[in-house]
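Residue numbering for the sequence shown is -25 to -1, 1 to 310, as defined by mature numbering (1 follows the signal peptide of the UniProt record, and there is no 0). We put the beta carbon where it would ideally sit given N, CA and C, even for glycine. What follows is a set of notes on a single structure, which appears directly below.
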Amino acid sequence: MIRKTMLAASSMIFLMVGCSTQAQEDDITHWKMTHISDASHLWHKTALEFSERVEEKTDGKVQIEVFPNSQLGNEVDNINSIKFGATDLTITGETLEVWTPNAILLAVPYAFEDEEHMRDVVEGDIGRTIESDITEDVGLTPLFYMERAPRNLTSNAPISHPDDLSGFSMRVPNVPLFLDTWAEAGAKPQVINLNEVFTGLQQGVIAGQENPNDLIYSNGFYEVQDYLNLTEHVRSWIYVVVGNEQLEKLPEDQRQAVEEAALEAQEFARDLQEEEQEALSDLLKERGMTFNEDVDQEAFREAMLPALEENLGEEQYELYLEMVEQGTGIEVDSE
């Protein structure tokens, strides 16, 4: 019911906005791209790089103006604005589950062993299935994907196994799947707004939290947490998408140029991600955090598996198992 209300409200907003922003001036196509990250984030840097490459490859015939930091709305608003013709491109991920169920697979615990495993899945049959669903169900065409940094657990004592989670109170975002998986693993998860987590840790309301390293650093959690446990429990990706109608309006040569620019932007984002993650690890260690590498990730995955089966639909759970097995080569016992 909540999802339907969100979609209905956003629909009313963008119906009032009016016609498409894909304006034509002297045969020049002007696209608007919007996203929720700030101007210092990797996503925005990649969006600007993509915009520049598109303009260069189309000889200025396609120009993209980028609006960061939720200037034109939240993620659901941004998606709806494309569907109703107010904007043209955005950056989005598992939020697409609102429209197409398989999008939940963009961010599920312990689907991947490492970056290479994730890339193989995203660029293989399962990734193509998800992309096709997005195109058909949502009306958006994924142009390229960007990897997200893995999520890690922080604490004031090393946590290497689910057995260490007994009585461990931790913050998780307001994502039912995250709440259920951590509870199944033995922790006591609770939802707290991100801007309140530092105080909660400082005052002992919670003993730990989980986030990618960039958010661990930017929120100063190294000041109130001693250990960064390399649980790497969620590896995920996100898409840069364009409206189907907007893409189809381009002449074939311009569409091809946009697709070429997209592949180059994907490589740009990957290189930038690797550089930033290495730098962040060094910074967190310099700030006093101890990196606990002695984490039994397989034990965490097995502990969380019942919650995954409970939360995912039948089709999504089967695809999840395929994703896991593609990396391990071992059939997963879901009983």
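Just the C-alpha distance for residue i and residue j, rounded to the nearest angstrom, thanks.
{"i": "asparagine 55", "j": "alanine 86", "result": "29 angstroms"}
{"i": "glutamine 301", "j": "leucine 81", "result": "16 angstroms"}
{"i": "tryptophan 18", "j": "leucine 255", "result": "16 angstroms"}
{"i": "lysine 32", "j": "alanine 232", "result": "6 angstroms"}
{"i": "aspartate 155", "j": "isoleucine 79", "result": "15 angstroms"}
{"i": "glutamine -4", "j": "threonine 21", "result": "A caution first: glutamine -4 carries a pLDDT of 49, below 50, which makes its placement in the model too unreliable to give a value."}
{"i": "isoleucine 39", "j": "threonine 4", "result": "8 angstroms"}
{"i": "proline 137", "j": "glutamate 69", "result": "26 angstroms"}
{"i": "glutamine 252", "j": "threonine 110", "result": "31 angstroms"}
{"i": "tryptophan 6", "j": "phenylalanine 25", "result": "12 angstroms"}
{"i": "tryptophan 157", "j": "arginine 28", "result": "42 angstroms"}
{"i": "glycine 60", "j": "valine 41", "result": "16 angstroms"}
{"i": "valine 150", "j": "valine 83", "result": "11 angstroms"}
{"i": "arginine 94", "j": "methionine 121", "result": "10 angstroms"}
{"i": "glutamine 291", "j": "aspartate 34", "result": "42 angstroms"}
{"i": "glutamate 185", "j": "leucine 115", "result": "31 angstroms"}
{"i": "aspartate 112", "j": "glutamate 220", "result": "14 angstroms"}
{"i": "aspartate 271", "j": "serine 135", "result": "6 angstroms"}
{"i": "phenylalanine 119", "j": "glutamine 178", "result": "42 angstroms"}
{"i": "aspartate 139", "j": "aspartate 189", "result": "25 angstroms"}
{"i": "serine 45", "j": "threonine 9", "result": "7 angstroms"}
{"i": "serine 193", "j": "proline 187", "result": "10 angstroms"}
{"i": "glycine 293", "j": "leucine 283", "result": "Sequence inspection shows glutamate at residue 293; the glycine mentioned does not correspond to that position. About 11 angstroms."}
{"i": "aspartate 63", "j": "valine 96", "result": "27 angstroms"}
{"i": "leucine 23", "j": "isoleucine 57", "result": "19 angstroms"}
{"i": "glutamate 234", "j": "leucine 287", "result": "32 angstroms"}
{"i": "glutamine 248", "j": "leucine 225", "result": "31 angstroms"}
{"i": "aspartate 257", "j": "glutamate 250", "result": "11 angstroms"}
{"i": "valine 147", "j": "glutamate 227", "result": "45 angstroms"}
{"i": "leucine 71", "j": "aspartate 2", "result": "32 angstroms"}
{"i": "residue 337", "j": "glycine 183", "result": "Nothing can be reported for residue 337, as the shown portion of the chain is limited to -25 through 310."}
Out of the options, state which residue places its alpha-carbon closest to the alpha-carbon of residue i.
{"i": "methionine 145", "options": "Lys7, Val299, Ile167", "result": "Ile167"}
{"i": "isoleucine 213", "options": "Glu111, Glu220, Glu106, Thr174", "result": "Glu106"}
{"i": "glycine 48", "options": "Gly35, Val37, Thr67", "result": "Thr67"}
{"i": "asparagine 131", "options": "Gln165, Pro187, Ile181", "result": "Ile181"}
{"i": "proline 117", "options": "Glu30, Gly142, Val96, Thr65", "result": "Thr65"}
{"i": "valine 73", "options": "Val96, Glu90, Asp108", "result": "Asp108"}
{"i": "leucine 176", "options": "Phe153, Tyr202, Leu152", "result": "Tyr202"}
{"i": "glutamate 30", "options": "Arg230, Ile11, Lys224", "result": "Arg230"}
{"i": "asparagine 267", "options": "Gly288, Asp246, Leu205", "result": "Leu205"}
{"i": "residue 385", "options": "Thr129, Thr174, Glu91", "result": "Missing from the structure shown is residue 385; the chain here goes from -25 to 310 and no further."}
{"i": "threonine 265", "options": "Asp13, Glu249, Pro226, Pro133", "result": "Pro133"}
{"i": "glutamate 273", "options": "Phe143, Glu88, Glu285", "result": "Glu88"}
Since residue i is in the alpha helix (DSSP H), which residue starts that stretch and which ends it?
{"i": "proline 151", "result": "151 to 160"}
{"i": "valine 233", "result": "227 to 261"}
{"i": "valine 172", "result": "172 to 177"}
{"i": "asparagine 286", "result": "272 to 286"}
{"i": "tyrosine 192", "result": "188 to 193"}
{"i": "glutamate 207", "result": "No alpha helix (DSSP H) holds glutamate 207; the beta strand (DSSP E) holding it covers 202 to 209."}
{"i": "glutamate 220", "result": "219 to 223"}
In the DSSP assignment, the beta strand (DSSP E) including residue i goes from what residue to what residue?
{"i": "lysine 36", "result": "No beta strand (DSSP E) holds lysine 36; DSSP gives it neither H nor E."}
{"i": "glutamine 165", "result": "163 to 166"}
{"i": "leucine 169", "result": "That residue, leucine 169, is in no beta strand (DSSP E); it is neither H nor E in DSSP."}
{"i": "phenylalanine 266", "result": "265 to 267"}
{"i": "isoleucine 3", "result": "3 to 9"}
Looking at residue i and the ligand ATP, is the gap between the Cβ and the nearest heavy atom below 7 angstroms?
{"i": "glutamate 284", "result": "Looking at this structure, you won't find the ligand ATP or any other ligand, since it has none at all."}
From the beta carbon of residue i, is the nearest beta carbon of chain C less than 8 angstroms away?
{"i": "glutamate 40", "result": "No chain C is part of this structure, which consists of one protein chain only."}
When you compare the stretch 262 to 280 with the stretch 156 to 163, are there three or more beta-carbon pairs, one atom per stretch, that lie closer than 8 angstroms? yes
Quick check: the stretch 207 to 214 against the stretch 113 to 129, are there 3 or more CB pairs under 8 angstroms? yes
Is it true that the stretch 230 to 246 meets the stretch 167 to 187, where meeting means three or more beta-carbon pairs spaced less than 8 angstroms apart? no
So within the stretch 41 to 93, which uninterrupted alpha helix (DSSP H) runs reach at least 4 residues, ignoring any that extend past its ends? 50 to 58
Is there contact between the stretch 287 to 301 and the stretch 93 to 110, where contact requires at least three CB pairs shorter than 8 angstroms? yes
Indicate whether the contact test is met: 3 or more Cβ pairs, each with one atom in the stretch 215 to 228 and one in the stretch 197 to 206, closer than 8 angstroms. no
Examine the Cβ distances between the stretch 260 to 267 and the stretch 44 to 54 and report whether three or more of them are shorter than 8 angstroms. no
Whole beta strand (DSSP E) elements within the stretch 101 to 148, 3-residue minimum: 115 to 122, 126 to 130, 144 to 147
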